[in-house]
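Student: In the working numbering, the protein residues as written are 23 to 106.
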């Protein structure tokens, strides 16, 4: 009887860990989407009912990804090079 109970406990713990991981991943996606949409960490925390310290800082969004130059900027077309 104890072996059966222990098997059931192991199964329940595994399911609980899976559910917790799924919910944390979902929460992280939601927080990321809210931050990307422009909400502050404080606003996100308030709306979700969590502590501000639990809202991770969003990675800064670069205006121009590395290696790209805005069109018409005059950069990258040779105009910034000294003429000889």
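Just so it is clear, CB atoms sit at the ideal spot from N, CA and C, and this is done for glycine as well.
Which residues in the same chain have their Cβ closer than 7 Å to the Cβ of residue 66, if we skip the five residues on either side of it in sequence?
Tutor: For residue 66, where only same-chain residues beyond five positions count, the Cβ hits under 7 Å are 53, 56, 57 and 77.
Student: Between the beta-carbon of residue 79 and the beta-carbon of residue 63, is there less than 8 Å?
Tutor: Result yes, Cβ atoms of residue 79 and residue 63 sit closer than 8 Å.
Student: Give me, in chain order, the residues of the same chain whose beta-carbon lies closer than 7 Å to that of residue 74; leave out the 5 immediate sequence neighbours on both sides.
Tutor: Contacts found: 63, 64 and 67.
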